[in-house]
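This report refers to the structure that appears directly beneath it.
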Amino acid sequence: MSTYTQLFGKQVTFVTSDPSNPTVGQMWYNSTSKTLKFLGTTTAGAWAAGGNMGTARRGLAGAGTQTSAAAFGGGPPGVTNTEEYDGSSWTAGGNLGTARYNTAGAGTQTSALAFGGKGSGTNLANTEEYDGTSWTAGGSLATAREALAGAGTQTTALAFGGFAAGNSAATEEYDGTSWTSGGSLATARYHLGRAGTQTSALGFGGYTTTAVANTEEYDGSSWTAGGNLGTARWGVAGAGTQTSALAFGGATPPVSAATEAYNGTSWTADTSMGTARRTLAGCGTQTSALGFGGFTTADVANTEEFTGAGAPVTKTVTAS
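Right, here's the structure in full:
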């Protein structure tokens, strides 16, 4: 009979705490918890509950990763609240200078961007930059709008879609100082989902006169058609990249918990969220995403963490 060492080329080590950076296939015995563990991979995607936000809200924006996220804005009416997530709980961050909801965001927890939205009954064009502590004014959008989408980083961001005097197809690019016009979406819409970067973005779903399934891909100058979502919806959240994206939540109507994964060509259904909701925020990657806030029959504060199929996960060996 082959031994574990012969099969994997590794020995089972005795440790007092789980290793911080194990490799897939590595096995160890934790003498503190008296458990035998190994790093395997997941066979199916799954959502799990995370810590609740301090303020329940919809129409908020998010930035960062599953273990280092920022949530800001939301409403209605618009709020200035910023909260930071560490992988288990949310804590208060610096307030936005302008209360807003149906806003967009980009960047990371310590280098985020908030732009557009609605505040005091008026569509907003102003931009704010976050350094992990406080927000400062940036350059204004050329087109004031709400329910737009955002992608990229604080210094290379993309704003697209939304609602101004009507449905908007406008795309704008940010260089850390000012916004300039980019190629327009083929389908003007608002409350759409997003993923990717300024030069490799993804826009999907949204609302025209009804929920749509359209996906469009941006190459830094123009948008082209991608594969349609399996479920047409608006108020959908997104995470990941143009070729490895995740779409979750939204409204068809009614509110949806549907999750779909994009491979650069087509969407496939994945495990649904625990709480169906719309106009939530999302960030992270296709295999390690975060969804938070939104609206069901009322504003919600709950957070969910997604682990995609094939992602590494620590497992405990039990007798069977």
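Residues 2 to 321, numbered by our numbering, are exactly what the sequence shown covers, in order.
Glycine residues also receive a C-beta, built at the ideal position from the N, C-alpha and C atoms.
Asked	Found
Please report the distance separating the alpha-carbon of G88 from that of S69.	6 Å
Counting Cβ pairs, one atom from each stretch, are 3 or more of them under 8 Å apart for the stretch 76-84 and the stretch 94-101?	yes
In chain order, which continuous runs of the alpha helix (DSSP H) of length 4 or greater are located wholly inside the stretch 256-308?	none
When burial is assigned at 16 or more other CB atoms within 10 Å of the CB, is Y5 buried or exposed?	For Y5, the pLDDT reaches just 45, beneath the cut-off of 50, and the residue's location in the model is therefore unreliable, although a value from the coordinates is still provided. Result: exposed.
Can the beta-carbon of L40 be found less than 8 Å from the beta-carbon of Y30?	no
Could you tell me the alpha carbon to alpha carbon distance between G163 and E218, rounded to whole angstroms?	16 Å
Going by C-alpha to C-alpha distance, which of E306, T144, T269 and V314 sits closest to N53?	E306
If you draw a straight line from the C-alpha of T144 to the C-alpha of T308, how long is it?	37 Å
Between which two residues does the beta strand (DSSP E) carrying R195 extend?	G194 to G197
Identify, in the order they occur along the chain, each residue of the same chain with its Cβ nearer than 8 Å to the Cβ of T242, setting aside the five sequence neighbours on each side.	A196, G197, T198, S201, L203, T286 and Q287
Which residue wins for smallest C-alpha separation from R59, given the options S223, Q67, G250 and A310?	G250
Can you grab the Cα-Cα spacing for the pair E84 / P313, in whole Å?	28 Å
Using the C-alpha atoms, what's the distance from T24 back to T172?	42 Å
Closest to G177 by C-alpha separation, out of S112, G239 and N229, would be which residue?	S112
Taking buried to mean at least 16 other C-beta atoms within 10 Å of its own C-beta, is D132 buried or exposed?	exposed
Under the DSSP definition of a beta bridge, which residues are partnered with S112?	T109
Can the beta-carbon of G184 be found closer than 8 Å to that of S222?	yes
With a 10 Å radius around its C-beta and 16 neighbouring C-beta atoms as the bar for buried, classify T280 as buried or exposed.	buried
Counting along the chain, where does the beta strand (DSSP E) carrying P313 start and finish?	P313 to V318
In angstroms, rounded to a whole number, what distance separates the CA positions of A277 and E261?	14 Å
Please state the DSSP three-state secondary structure of Y5.	Its pLDDT being 45, under 50, Y5 is placed unreliably in this model, and the value from its coordinates should be taken loosely. The answer is helix: DSSP assigns Y5 an H, G or I state.
State the beta-bridge partners of M28 as determined by DSSP.	F39
How long is the line joining the alpha carbons of G95 and G117, rounded to whole angstroms?	18 Å
Restricting to Cα atoms, I'd like to know which of S135, L114 and G167 is closest to N127.	L114
In its own chain, which residues sit with a C-beta less than 8 Å from the C-beta of N229, not counting the 5 before and 5 after it?	A214, N215, T216 and W268
Ignoring anything shorter than 3 residues or poking outside the stretch 128-172, list the beta strand (DSSP E) runs there in chain order.	128-131, 136-138, 150-153 and 158-161
Taking the Cβ atom as the reference point for each residue, do A282 and F293 lie within a distance shorter than 8 Å?	yes
For W180, report the span of its beta strand (DSSP E) as first-last.	W180 to S182
Candidates T298, A57, M274 and C284: which alpha carbon is nearest A49's?	M274
If you reduce the DSSP assignment to three classes, tell me which class A100 lands in.	coil
So G65 and T109 are supposed to be a Cβ contact under 8 Å. How far apart are they, rounded?	5 Å
Return helix, strand or coil for N53, following the three-state DSSP convention.	coil
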